[in-house]
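Numbering of the sequence shown is given in my numbering, commencing with residue 20 and proceeding in unit increments. Below is one structure; the comments refer to it alone.
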Amino acid sequence: MYFNYLLYNSKIKIINRFYYIYVIRNKKMEVDLSKKALSEEIALKLVAKINRDNQLDNVNYKKMKYGLEVIIINLSKTSFILLIAFLLGILQKTLTIMLSFAFIRRYAFGIHAKNSISCTILTSIYFFTGAYIPNFIHADNYMILLMFSTTILLLYLYAPADTDARPLTGRKLRKSLKKKALLSGSILMTLTFFINDFSLKFFISYGALCEALTIIPIIYKLFNRRYKNYEYYQRNID
Numbered sequence: 020m021y022f023n024y025l026l027y028n029s030k031i032k033i034i035n036r037f038y039y040i041y042v043i044r045n046k047k048m049e050v051d052l053s054k055k056a057l058s059e060e061i062a063l064k065l066v067a068k069i070n071r072d073n074q075l076d077n078v079n080y081k082k083m084k085y086g087l088e089v090i091i092i093n094l095s096k097t098s099f100i101l102l103i104a105f106l107l108g109i110l111q112k113t114l115t116i117m118l119s120f121a122f123i124r125r126y127a128f129g130i131h132a133k134n135s136i137s138c139t140i141l142t143s144i145y146f147f148t149g150a151y152i153p154n155f156i157h158a159d160n161y162m163i164l165l166m167f168s169t170t171i172l173l174l175y176l177y178a179p180a181d182t183d184a185r186p187l188t189g190r191k192l193r194k195s196l197k198k199k200a201l202l203s204g205s206i207l208m209t210l211t212f213f214i215n216d217f218s219l220k221f222f223i224s225y226g227a228l229c230e231a232l233t234i235i236p237i238i239y240k241l242f243n244r245r246y247k248n249y250e251y252y253q254r255n256i257d
């Protein structure tokens with residue numbers, strides 16, 4: 020897998036099914052697809068089609084490729100998890116947990132597994148376990164309040180938590196994300212006050228708590244991932 024930049028004009032040339040040449044604003048990028056993941060291969064092909072009309076420069080090309088690759092990976096993982104949940108008869112429960120989790124994660128961020136397969140397995144365990152818990156434990160308002168109190172506290176202390184692939188540099192950005200994460204958690208907590216179904220209350224609270232647990236330092240340490248990645252990148256920039 021490699022990238023080689025040469026002079027040329029904006030076109031795409033197919034050498035064979037595993038080898039493409041992308042040309043972006045007088046910069047030719049040769050790409051060997053034989054060793055790439057399927058998601059990256061699809062993303063490269065989509066960007067190539069988009070680039071035919073928009074003439075992306077190298078920076079925007081990479082941004083779009085990365086964005087498309089993330090979307091493809093997330094869609095595939097989400098579809099797989101929901102399919103298994105459907106087969107297990109817990110689709111609605113799993114979807115509620117997933118939406119609550121995602122509602123806060125878009126601002127709080129959190130740890131990522133080292134590869135997509137590990138991420139899918141761990142996420143499935145979290146979500147499916149939560150879907151079955153109300154069958155064995157009766158959730159009451161005290162439990163819901165405790166779960167959300169813990170969530171809000173963790174968000175206040177640790178949100179947002181970045182990764183080495185996406186460091187959140189800039190104090191202003193992190194402060195803004197923390198406020199939005201806290202607001203998101205508060206909105207979900209307020210929502211549960213107006214819901215009479217305690218199982219539904221639990222699923223919302225559980226999803227929020229799962230997300231909050233992904234941002235604490237001990238989780239990063241357990242998975243051997245670097246914490247506060249923005250400090251590392253800021254030192255390198257300085």
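Just so you know, even glycine gets a beta-carbon here, dropped at the ideal spot from N, CA and C.
In whole angstroms, what is the alpha-carbon distance linking residue i and residue j?
i, j, result
"Arg244", "Leu176", "19 Å"
"Asn154", "Phe222", "12 Å"
"Ala171", "Leu187", "Per the sequence shown, residue 171 should be read as Ile rather than Ala. Cα to Cα, Ile171 sits roughly 20 Å from Leu187."
"Ser224", "Lys68", "42 Å"
"Ser218", "Gly86", "35 Å"
"Asn134", "His157", "35 Å"
"Leu101", "Asn79", "32 Å"
"Tyr239", "Ala132", "10 Å"
"Phe120", "Glu230", "5 Å"
If you compare alpha carbons, which of the options is closest to residue i?
i, options, result
"Lys263", "Lys81, Ala227, Asp183, Tyr249", "A question about residue 263 goes unanswered here, because the residues of the chain that appear run from 20 up to 257."
"Glu60", "Lys68, Glu88, Ile163, Lys82", "Glu88"
"Ile136", "Thr115, Ser95, Ala227, Ile90", "Ser95"
"Asp159", "Leu228, Ile90, Lys220", "Lys220"
By a C-beta neighbour count over all protein chains shown, 10 Å radius and 16 as the cutoff for buried, is residue i buried or exposed?
i, result
"Asp181", "buried"
"Phe167", "buried"
"Leu165", "exposed"
"Lys54", "Only weak support is given to the placement of Lys54: the predicted model assigns it a pLDDT of 48, under 50, and the question is left unresolved by the model."
"Ala184", "exposed"
"Gly189", "exposed"
"Ile92", "buried"
"Thr209", "exposed"
"Tyr151", "exposed"
"Leu241", "exposed"
"Ser98", "exposed"
"Met20", "Confidence is the limiting factor: at Met20 the pLDDT is only 36, short of 50, which leaves the residue's position unreliable, though a coordinate-based value still follows. So Met20 ends up on the exposed side."
Please return the same chain residues whose Cβ sits closer than 8 Å to the Cβ of residue i, not counting the five positions on each side in sequence.
i, result
"Phe147", "Ile103, Ala104, Leu107, Ile109, Thr113"
Might you give, ordered along the chain, the residues of its own chain that have their beta carbon closer than 7 Å to the beta carbon of residue i, omitting 5 neighbours on each side?
i, result
"Leu228", "Met166, Thr169, Thr170"
Practice problem: Answer yes if the region 172-187 comes into contact with the region 233-243, meaning at least three C-beta pairs across the two stretches below 8 Å, and no otherwise. | Solution: With the rule of 3 Cβ pairs closer than 8 Å, the region 233-243 counts as touching the region 172-187.
Quiz item: Three or more beta-carbon pairs under 8 Å between the region 197-204 and the region 132-145, yes or no?
Solution: They do not touch, by the three-pair rule.
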